[in-house]
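In our numbering, the protein residues as written are 356 to 565.
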Amino acid sequence: MDSLQKLCSTLEPLLRRVVGEEVERVLAKLTPAKVGFRSSPKRIQGSDSRSLRLQFRNKLALPLFTGSKVEGEQGSAIHVVLQDASTGQVVAVGAESSAKLEVVVLEGDFSADDEEDWPQEDFENHEVRERDGKRPLLTGELFVTLKDGVGTLGELTFTDNSSWIRSRKFRLGVKISSGYCEGLRIREAKTEPFTVKDHRGECKSPNFKQ
356 MDSLQKLCST
366 LEPLLRRVVG
376 EEVERVLAKL
386 TPAKVGFRSS
396 PKRIQGSDSR
406 SLRLQFRNKL
416 ALPLFTGSKV
426 EGEQGSAIHV
436 VLQDASTGQV
446 VAVGAESSAK
456 LEVVVLEGDF
466 SADDEEDWPQ
476 EDFENHEVRE
486 RDGKRPLLTG
496 ELFVTLKDGV
506 GTLGELTFTD
516 NSSWIRSRKF
526 RLGVKISSGY
536 CEGLRIREAK
546 TEPFTVKDHR
556 GECKSPNFKQ
């Protein structure tokens, strides 16, 4: 009996060490999986970044003439909104929801699909400036500030017709003004293409209002 007790006393530390090493080895295998499992929500959250875009909410009243106010259909104000591209919902919170926008004139043949996220360079390469020796092509309130993700364009007037550019049509565009939302890509907005005619031909238009 004494011999058996001595044997047990001798083996006990050895068994404890072997069992301890085996437990540590098993835990070492399980730990990376647990860490990976816990970190997966962070990876999902990081990849769930919103795709933001500007969008015109209503269409322009046509035809357009030089010197006449640019308006929405039926004389309404022209609204632009900041949207989450994946849901179409207006983004009403955050710094971007109160950003300053710039109104520009675009070539009518800038035909990128309105659902696409085109590169900023493509948009800017289609911007139109006035002809040499002419007044600024678009005059009036060229900047608008979003409020809760919605902006209303002010008074705008074309000073020149659209017959001199390759497509013979313009578009209005809006983009984030320089110095706002830096580091955040917000896709620009554009209207449908339209023709701008000289004011002197306005009376000949069947839609001319007295």
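Think of the CB as a built atom: it goes at the ideal place given N, C-alpha and C, for glycine as much as any other residue.
Quiz item: Which residues does DSSP pair with G430 in a beta bridge?
Solution: In DSSP, G430 forms no bridge with anything.
Quiz item: CB-CB under 7 Å to V390, same chain, minus the five flanking residues each way: which ones, in chain order?
Solution: For V390, the predicted model reports a pLDDT of 39, less than 50, meaning its position is unreliable; a value from the coordinates is still stated below. Residues of the same chain with a CB within less than 7 Å of the CB of V390, apart from the 5 flanking positions on each side, do not exist.
Practice problem: Give me the Cβ distance between R542 and L409, rounded to the nearest whole Å; I'm assuming they're in contact under 8 Å. | Solution: Cβ atoms of R542 and L409 come within 8 Å of each other, at about 7 Å.
Quiz item: Excluding the five sequence neighbours on either side, which residues of its own chain have a C-beta within less than 6 Å of the C-beta of V499, listed in chain order?
Solution: By the criterion of a C-beta distance shorter than 6 Å, V499 is surrounded in its chain by L456, G506 and L508, once the five residues flanking it on both sides are discounted.
Quiz item: Enumerated in chain order, which unbroken segments of the beta strand (DSSP E) with a length of 3 residues or greater are wholly contained in the stretch 439–471?
Solution: Taking only runs of at least 3 residues, the beta strand (DSSP E) segments lying wholly in the stretch 439–471 are 455–462.
Quiz item: Between the Cα of L461 and the Cα atoms of V529, P491, T514 and L511, which residue gives the shortest distance?
Solution: Answer by Cα proximity: V529.
Quiz item: Buried or exposed: which applies to S517, given that a residue is buried once 16 or more other Cβ atoms fall within 10 Å of its Cβ?
Solution: By the neighbour-count definition (other C-beta atoms within 10 Å, threshold 16), S517 is a buried residue.
Exercise. State the DSSP-derived secondary structure class of E476, mapped to helix, strand or coil.
Key: In the structure shown, E476 adopts helical secondary structure according to DSSP, grouped into three states.
Exercise. Spell out the partners DSSP gives T512 in its beta bridges.
Key: DSSP lists K424 and T494 as the bridge partner or partners of T512.
Quiz item: R408 lies in the beta strand (DSSP E); which residues open and close that run?
Solution: Per DSSP, R408 belongs to the beta strand (DSSP E) from L407 to F411.
Self-check item: Beta-carbon proximity list for S466, same chain, < 8 Å, skipping 5 on both sides
Solution: Nothing listed; no residue qualifies.
Practice problem: Spatial neighbours of W519 within its chain, please: CB distance less than 7 Å, with the 5 preceding and 5 following residues excluded, ordered by chain position. | Solution: So the list reads R486, once near-sequence residues are dropped.
Practice problem: Please work out which residues of its chain come closer than 8 Å, Cβ to Cβ, to E426, disregarding the five sequence neighbours upstream and downstream, and give them in chain order. | Solution: Excluding residues up to 5 positions away in sequence, L415, A416, A432 and I433 lie with their Cβ nearer than 8 Å to the Cβ of E426 in the same chain.
Quiz item: Candidates F513, H481, K489 and P491: which alpha carbon is nearest V551's?
Solution: For the residues F513, H481, K489 and P491, the minimum Cα distance to V551 belongs to F513.
Quiz item: Could you give the distance in angstroms between the alpha-carbon of S423 and the alpha-carbon of H554?
Solution: Near 8 Å, if we compare the C-alpha coordinates of H554 and S423.
Practice problem: List the DSSP bridge partners of K530. | Solution: In DSSP, K530 forms a bridge with E457.
Quiz item: Taking just the CA atoms, how far does V448 sit from N480?
Solution: In this structure, the CA atom of N480 is about 31 Å from the CA atom of V448.
Quiz prompt | Straight-line gap, T421 to V458 (C-alpha atoms, nearest Å) | solution = T421 and V458: Cα-Cα distance of roughly 17 Å.
Exercise. Go ahead and label Q438 buried or exposed: buried means 16 or more other beta carbons lie within 10 angstroms of its beta carbon, across all protein chains shown.
Key: That one is buried.
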